[in-house]
Amino acid sequence: MIEFFIDGIPIQAQKGQTVMQAAVASGVDIPFFCWHPHLSVPGNCRICMVEVEAEGGAWFDISCNMPVTAGMRVLTDSDKVKELRKDTMQLITLNHPVDCGICNKSGECMLQDHHFAYNGMPSLSRDPKTHATKFHNLSGRIMLDNERCIMCSRCVRFTDEVSKSHALGVQHRGDHSLIRCAADVNFDDDPYSDNVIDICPVGALLSRDLLDHARVWYLKATPSVCPGCERGCSINIWHRKPEWKLNSLDARLNTRIDRVTPLENADVNGPWICNKARDLATFFERDRVQQSMVRGAVVTSDKAVTTAAEIIAAAKRPVALVSNWGSNEELAAFHATLAPSFTSYVKTDCLPLPGERLEDDVLIKADKNPNTFGARALYPALPADVSQALPADTDVVLVWGEGAPWAQIPASATVILLTSYEHPDNARANVLIPISIQTERDGHYTNFNGTVTSFQRCFAKAPTVADAQFLFEAVFAAAAPLAGVR
Ligand code: SF4
Ligand code: SF4
Ligand code: FES
Numbered sequence: 136m137i138e139f140f141i142d143g144i145p146i147q148a149q150k151g152q153t154v155m156q157a158a159v160a161s162g163v164d165i166p167f168f169c170w171h172p173h174l175s176v177p178g179n180c181r182i183c184m185v186e187v188e189a190e191g192g193a194w195f196d197i198s199c200n201m202p203v204t205a206g207m208r209v210l211t212d213s214d215k216v217k218e219l220r221k222d223t224m225q226l227i228t229l230n231h232p233v234d235c236g237i238c239n240k241s242g243e244c245m246l247q248d249h250h251f252a253y254n255g256m257p258s259l260s261r262d263p264k265t266h267a268t269k270f271h272n273l274s275g276r277i278m279l280d281n282e283r284c285i286m287c288s289r290c291v292r293f294t295d296e297v298s299k300s301h302a303l304g305v306q307h308r309g310d311h312s313l314i315r316c317a318a319d320v321n322f323d324d325d326p327y328s329d330n331v332i333d334i335c336p337v338g339a340l341l342s343r344d345l346l347d348h349a350r351v352w353y354l355k356a357t358p359s360v361c362p363g364c365e366r367g368c369s370i371n372i373w374h375r376k377p378e379w380k381l382n383s384l385d386a387r388l389n390t391r392i393d394r395v396t397p398l399e400n401a402d403v404n405g406p407w408i409c410n411k412a413r414d415l416a417t418f419f420e421r422d423r424v425q426q427s428m429v430r431g432a433v434v435t436s437d438k439a440v441t442t443a444a445e446i447i448a449a450a451k452r453p454v455a456l457v458s459n460w461g462s463n464e465e466l467a468a469f470h471a472t473l474a475p476s477f478t479s480y481v482k483t484d485c486l487p488l489p490g491e492r493l494e495d496d497v498l499i500k501a502d503k504n505p506n507t508f509g510a511r512a513l514y515p516a517l518p519a520d521v522s523q524a525l526p527a528d529t530d531v532v533l534v535w536g537e538g539a540p541w542a543q544i545p546a547s548a549t550v551i552l553l554t555s556y557e558h559p560d561n562a563r564a565n566v567l568i569p570i571s572i573q574t575e576r577d578g579h580y581t582n583f584n585g586t587v588t589s590f591q592r593c594f595a596k597a598p599t600v601a602d603a604q605f606l607f608e609a610v611f612a613a614a615a616p617l618a619g620v621r
């Protein structure tokens, strides 16, 4: 470790760290725009300028590109540093439109924050601002407002260094500079493209999906896990704060997912996610099953539970098809209650979507389910030849979740289906019980390399919908007194 000083306070730095890295690690605040901890250092915005005290006279340099040396004395807040920062802010805001009132980045814009902290002055320029295109579609998902861009180049470096699509570049020079897509690359083909929205320090890159839908201060972030593949990236699911509940508009706006952003997790996804996580609302907000049914007729939840228990108690050769979307808690509850009554196999609930990237060396994994690891720690995979698991004399099949091999379930078997979503195949169920989805409960998944991550409840479930964990316990309690339950 190397000791140096920031504003007179001793700081321990690792060999090779820059002043910015050591400051961030020690909780010292130095402003930045172009620097990003997971990208290369271009040193182009100059807002991170600091003063270095030296015997021959102080000197000034950018902290994001200055290696720490032993005994170095850095000032981040001297009068001269403040003056330089103010000059830099004046330059950066020279052509920036002051349209914070209509900007989607408002509330989480670094330019707003730094302007308030280090400048606070109107533009000194007497010349009119240079205008540029305000609504440029970089892709089907992302809109670019060129006037707001401060040319930090974070987005360009992301596509070069992380997603490696090399989709973005800088066209022209000086105050005519524009971020543009490379002529031979379609930014829609980059499955990580939306990360540039998060890392853009200003409101230049905007999600077309979220645009003008909700102000960020009306939203709340709930920690969760992306179930889109067995990577299990940590995410924040953003939804309306209860205190800002909408009373006069569509009530569904209060319980919808407004956006999804990465939740940094060094063990799983670092600071990134792929676009599939951004689109989770499309997946979670499909039509839901709301009522229990027995042989096509709506029944109470209690009646469905007792009917399922009677069927299980009388079964001769029952098979359970276990969901690889079940949480560790749900799997444990099934294992402790109903599993001894069944021969159990783990099915694959979700297959890759048409056109979806199957796998890469960034994040995306081929298995498009979140808890295959957790489920297969308890039960074997459903064999490719499904008839081995579901022989003709199978008399009861418990289907948990989606993706059941309906065509191979013996026609004579009684089916108990626990599912969340409407689907034509649900008509095959003799007993159907609606179960909650990930956003309606707390839980954990175990990802492909054994890392356990947690998700929290965002919304309340409907009263007629069961949590699988407690449903297993209820069915077991009802079945246990009946003959035949193991
Ligand atoms: S669009 Fe945003 S991230 Fe890209 S260079 Fe401009 S300010 Fe930086
Ligand atoms: S890599 Fe997998 S888990 Fe991560 S965001 Fe994409 S689909 Fe979700
Ligand atoms: S953050 Fe150091 S130059 Fe931009």
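Take the position in the sequence shown, starting the count at 1, then add 135; the result is the number in the numbering used here.
Note that CB positions come from ideal geometry on N, CA and C, so glycine has one too.
Item: Distance between Glu494 and Thr228 (C-alpha atoms, nearest Å); Value: 42 Å
Item: Residues whose Cβ lies closer than 5 Å to any heavy atom of ligand 2, in chain order; Value: Cys361, Gly363, Cys364, Arg366, Cys368, Ile408, Cys409, Lys411, Ala412, Leu498 and Ile499
Item: Where the beta strand (DSSP E) through Glu138 begins and ends; Value: Ile137 to Ile141
Item: Nearest-angstrom Cβ-Cβ length linking Phe590 and Ala468, presumed shorter than 8 Å; Value: About 17 Å separates the two Cβ atoms, so there is no contact after all.
Item: Cβ neighbours of Ile544 in the same chain (closer than 7 Å, five flanking residues each side left out); Value: Leu525, Val532 and Val550
Item: Whether Ala519 touches Val481 by CB criterion (8 Å); Value: no
Item: Assigned exposure category for Gln604 - 16 Cβ within 10 Å defines buried; Value: buried
Item: Proximal residues to Glu420 (C-beta, below 8 Å), its chain only, five neighbours per side dropped; Value: Arg391 and Ile392
Item: Residues bridged to Glu188 [DSSP beta-bridge criterion]; Value: Arg208
Item: Any non-hydrogen atom of ligand 3 closer than 7 Å to Arg181 Cβ; Value: yes
Item: CA-to-CA distance, Glu557 to Pro569, given in whole angstroms; Value: 10 Å
Item: Where Ile277 falls: helix, strand or coil (DSSP); Value: strand
Item: Phe293 and Asn239 closer than 8 Å at C-beta; Value: no
Item: Pairwise C-alpha distance: Pro263 and Gly304; Value: 27 Å
Item: Inter-residue spacing [alpha-carbon to alpha-carbon] between Met184 and Val360; Value: 38 Å
Item: Pair within 8 Å by beta-carbon distance, Asn561 and Val395; Value: no
Item: Host alpha helix (DSSP H) of Cys290 (start-end); Value: Arg289 to Glu296
Item: Residue burial classification, Asn504 (beta-carbon count within 10 angstroms, cutoff 16); Value: buried
Item: Closer than 7 Å: Cys169 CB and nearest ligand 4 heavy atom; Value: Among the ligands in the structure shown, ligand 4 does not appear; only ligand 1, ligand 2 and ligand 3 can be found there.
Item: beta-carbon Arg289 near ligand 1 non-hydrogen atom, thresh 7 Å; Value: yes
Item: Opposing strand residues paired with Thr472 [DSSP bridges]; Value: None; Thr472 has no bridge partner.
Item: Check whether Ile285 and Leu340 have beta carbons under 8 Å apart; Value: no
Item: The segment 373 to 390 touching the segment 347 to 359, judged by at least three CB pairs closer than 8 Å; Value: yes
Item: Inter-residue spacing [alpha-carbon to alpha-carbon] between Gln523 and Thr529; Value: 11 Å
Item: Assigned secondary structure, Trp103 (DSSP; H/G/I helix, E/B strand, else coil); Value: Nothing can be reported for residue 103: it is not among the residues displayed for the chain, which extend from 136 to 621.
Item: Nearest-angstrom beta carbon gap, Ala412 and Cys368 [assumed within contact, 8 Å]; Value: 6 Å
Item: Straight-line Cα distance separating Gln426 from Pro166; Value: 54 Å
Item: C-beta contact flag for Thr223 and Ile182 at 8 Å; Value: yes
Item: Same chain, Cβ closer than 8 Å to Lys215, neighbours up to 5 away in sequence not counted; Value: Glu186, Ala193 and Phe195
Item: Beta-carbon proximity check, Met207 vs Phe139, cutoff 8 Å; Value: yes
Item: Rounded separation between Val620 and Ala448 - CA only; Value: Low local confidence applies: a pLDDT of 49 at Val620 is under 50, so the model's placement there is unreliable, with the coordinate-based value given in what follows. Each residue's Cα considered, the two are about 5 Å apart.
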